[in-house]
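See structure below.
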Ligand SMILES: Nc1ncnc2c1ncn2[C@@H]1O[C@H](COP(=O)(O)OP(=O)(O)OP(=O)(O)O)[C@@H](O)[C@H]1O
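See the structure below:
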């Protein structure tokens, strides 16, 4: 009877707070209760046990967090060792609130499972109401949701303490939660739990930054010289151009504080120079090495905060393993922390310096022209023109005169003095042939002659003009298929594809949030942030139109967002409602539960030149998973003129 009364009292309290009546509850809890009723239409009268996602879906959630899980494993085990004897279980959820890792007392499995303290339980606010994980996802801050702080009376016996784990680009990656089935009535009893979880997430973020940016400068910071080398408070990764390319969450807050901006507005931080925050330049970082006593490695922020600093130089790959790879400044601007793009940018930086013609492949809107421009800016031809020709867009009747130009009086209506063609304009620079697969066959023959003989003959001219060309071509089509079906000349194909670069589709990239904030900056006159819930939607969408579609979605959201933060309701309908990545991939999952989008795996394999270990590292899975995915997708390595392709089963 007493339990029934407690439940009724709790429901009444939630209802009155939701109606805006003042209460002694913590503000953050009262605000969450109000969200549950007004935004998620949850009814405190309807009691619900925890929701457990189906097994195949859980596998996909786990796979997406696999890389972080492997980095975090030691920290999670250590934390569980400290809390197990005090009756806590440990949950790690992804940014959608799905529990992907769990450690708890095996003798209590049934009880824990029933309470939702188990693998696969979804703890988003929308699903479970106010709870440790869900409220942490919403606010982005560490929180304790103690007993009757929970919205749903079913969860009232639990005490849950959760802290966010942020990715190196500042987006929310996961939530670490420790929960107890029984706890003292006083909420203050959980203060130690809160600080334990926060210290664990800080160390996991530090480990993730160190692992992700081994080949870049890492600057670690501490307020104490004694703890600088053993347990620094925060760290940033800096590229060879002195730009910040990654950070731990505490660093994110520090940098934002120095800039006077909100910590959630990370786009302004990534890509900015370290010298904008500290009295230090990239070429001075070697002076912050351990050669100097830590007390002497003191740097100051532009606002006068003093920090002890330790700069770790980029790690060199083992001798004889790989040549040292450096990414040019122009190519480094195309991505942030995405491993496949990292491999692509390294390869493109090297190829840009060679005279080889490059064929850029990728789905529509994934940034082929953007990549071509960055290659041009990196190349020795950067002082010349970058001339882009869309072979699918020029009318066939004009294409000849546009490309080759025409001589004086070549035809009726021609300009008196004749006109330089685009190929001649590109001489000394870069000729970018976009949608090369759509070039008519007759023109392919003429283009081939230009490329073979390095001279162009304008329409109606008798004398050829010498040209020096660097050719980049792009296509979203399978040119080898077009060659096989006779729609593309084989000799031209070999002439333009000295090396191939495949750009990953947006859905396979890890830096969607970073790209979104970059696109916001381009279109918005003032800083606009993306709420955690809107970020989750951007991460779930499949983006068939790739970055072009994302650009449109961002501009759509900005048109509807009058404040300084984008929420789900501002996003286009298909992004809000569109099939989630997980459920779309679930359809492609085999009995082993391994999702394998053929395009994604092939893109990574090609970017890594079919090096299985490197591909496994890029995908964040182990080598055997890569082999299984190759087998499942029916791919095999097929050598043709330095390129590899997918061979149908
Ligand atoms: N790294 C990037 N940062 C910001 N915007 C980008 C980036 N890459 C591409 N975009 C934007 O995405 C859109 C599509 O890019 P781009 O034209 O380079 O793609 P594409 O693959 O050449 O497309 P298509 O196949 O249709 O020719 C453009 O609006 C471009 O401004």
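In the UniProt record's numbering, the protein residues as written are 1 to 649. Think of the CB as a built atom: it goes at the ideal place given N, C-alpha and C, for glycine as much as any other residue. A quick note: this is a predicted structure, and the numbers were derived from the prediction, not measured.
### Query
Between which two residues does the alpha helix (DSSP H) containing residue 470 stretch?
Careful: residue 470 lies outside any alpha helix (DSSP H), inside the beta strand (DSSP E) at 470-475.
### Query
Of all the options 298, 563, 393, 423, which has the alpha carbon lying nearest to the alpha carbon of residue 406?
Considering only alpha carbons, the answer is 423.
### Message
Taking contact to mean 3 or more Cβ pairs, one atom from each stretch, closer than 8 Å, check whether the segment 430-448 and the segment 385-395 are in contact.
### Response
Under the 8 Å Cβ criterion, the segment 430-448 counts as touching the segment 385-395, having at least three qualifying pairs.
### Proximity test, residue 368 beta-carbon vs ligand 1 heavy atom, cut-off 6 Å
Within the cutoff, so yes.
### Cα-Cα separation, residue 157 to residue 110
Going by the C-alpha atoms only, they are around 16 Å apart.
### Task
List the residues that DSSP assigns as beta-bridge partners of residue 466.
Partner(s): 455.
#### Entry: Where the alpha helix (DSSP H) containing residue 376 begins and where it ends
Residue 376 -> alpha helix (DSSP H) spans 368-378.
#### Entry: Per-residue DSSP class, three states only, for residue 644
Its pLDDT being 31, under 50, residue 644 is placed unreliably by the model, and the measurement read from it follows with that caveat. If DSSP states are grouped into helix, strand and coil, residue 644 belongs with coil.
### Task
Could you tell me if the beta carbon of residue 555 falls within a distance shorter than 6 Å of some heavy atom in ligand 1?
Not so, every heavy atom of ligand 1 lies at least 6 Å from the Cβ.
### Message
Just checking residue 548 against ligand 1 - is the residue's beta carbon closer than 6 Å to any of the ligand's heavy atoms?
### Response
At least one heavy atom of ligand 1 is nearer than 6 Å to the Cβ of residue 548, so yes.
### Query
Would residue 563 be called buried (16 or more neighbouring beta carbons within 10 Å of its own) or exposed?
So residue 563 counts as exposed.
### Message
Buried or exposed, going by whether 16 or more other CB atoms sit within 10 Å of the CB of residue 149?
### Response
Counting Cβ neighbours within 10 Å, residue 149 comes out buried, since at least 16 surround it.
### Task
In angstroms with no decimal places, state the Cα-to-Cα distance between residue 631 and residue 542.
Cα to Cα, the separation comes out at about 24 Å.
### Query
Can you tell me where the alpha helix (DSSP H) with residue 5 in it begins and where it stops?
Per DSSP, residue 5 belongs to the alpha helix (DSSP H) from 2-18.
### Query
Could you give the residue range of the beta strand (DSSP E) that holds residue 244?
DSSP places residue 244 in the uninterrupted beta strand (DSSP E) bounded by 244-247.
### Per DSSP, cross-strand counterpart(s) of residue 316
Answer is none; residue 316 lacks a bridge partner.
### Query
Buried or exposed: residue 347, going by 16 or more other Cβ atoms within 10 Å of its Cβ?
Taking all protein chains shown into account, residue 347 has 16 or more neighbouring C-beta atoms within 10 Å of its C-beta and is therefore buried.
### Query
Quick one: is the Cβ of residue 334 within less than 6 Å of any heavy atom of ligand 1?
Yes - ligand 1 has a heavy atom lying nearer than 6 Å to the Cβ of residue 334.
### Message
If contacts are defined as beta-carbon pairs under 8 Å, then residue 350 and residue 215 qualify, I think. What distance do you get, rounded to the angstrom?
### Response
Taking a contact as a CB-CB distance under 8 Å, the pair residue 350 and residue 215 does not count as one, their CB atoms being some 14 Å apart.
### Task
Have a look at residue 253 and residue 438 and give me their C-alpha separation to the nearest angstrom.
If I take the Cα positions, the gap works out to 49 Å.
### Query
Is DSSP giving residue 395 helix, strand or coil here?
Here residue 395 carries a coil assignment [DSSP, helix/strand/coil].
### Task
Taking 7 Å as the cut-off, decide whether the C-beta atoms of residue 524 and residue 568 are in contact.
Contact: no.
### Task
Determine the closest residue to residue 519 out of 532, 549, 85, with distance taken between C-alpha atoms.
Taking each of 532, 549, 85 in turn and checking the Cα distance to residue 519, the smallest one comes out for 549.
### Task
Keeping to the same chain, check which residues put their C-beta closer than 8 Å to that of residue 23; ignore five residues upstream and five downstream.
The residues are 13, 16, 17, 30.
### Task
Note down the Cα distance separating residue 290 from residue 36, rounded to an integer number of angstroms.
Cα to Cα, residue 290 sits roughly 51 Å from residue 36.
### Query
Start and end of the alpha helix (DSSP H) containing residue 535?
Its alpha helix (DSSP H) spans residues 532-540.
### Query
Is DSSP giving residue 565 helix, strand or coil here?
Residue 565: strand per DSSP, three-state reduction.
### Task
Examine the Cβ distances between the segment 235-244 and the segment 273-282 and report whether three or more of them are shorter than 8 Å.
The segment 235-244 is in contact with the segment 273-282.
### Message
So, for residue 122: in the same chain, excluding its five sequence neighbours on each side, which residues have a beta-carbon less than 6 Å away from its beta-carbon?
### Response
Cβ neighbours of residue 122 beyond the five flanking positions: 51, 53, 97, 98.
#### Entry: Beta-carbon spacing of residue 160, residue 179 below 7 Å
Judged by beta-carbon spacing, residue 179 lies within the 7 Å limit of residue 160, meaning their Cβ atoms are closer than that value.
### Message
Is it buried or exposed, residue 491, if we count other Cβ atoms within 10 angstroms and call 16 or more buried?
### Response
Counting Cβ neighbours within 10 Å, residue 491 comes out exposed, since fewer than 16 surround it.
### Message
Which same chain residues end up closer than 6 Å to residue 646 when comparing Cβ atoms and leaving out the 5 residues on each side of it in sequence?
### Response
In this predicted model, residue 646 has a pLDDT of only 33, less than 50, meaning its place in the structure is not dependable; the value taken from the coordinates is given anyway. So the list reads 602, 635, once near-sequence residues are dropped.
### Task
Put residue 390 into one of helix, strand or coil per three-state DSSP.
Strand.
### Query
Which of the three DSSP states, helix, strand or coil, is assigned to residue 79?
In this structure, residue 79 counts as helix in the three-state DSSP scheme.
### Query
From what residue to what residue does the alpha helix (DSSP H) around residue 110 run?
Taken as a continuous stretch (DSSP letters only), the alpha helix (DSSP H) holding residue 110 covers 109-115.
### Local conformation of residue 160 per DSSP, three classes
DSSP places residue 160 within a strand segment (E or B) once states are collapsed to three.
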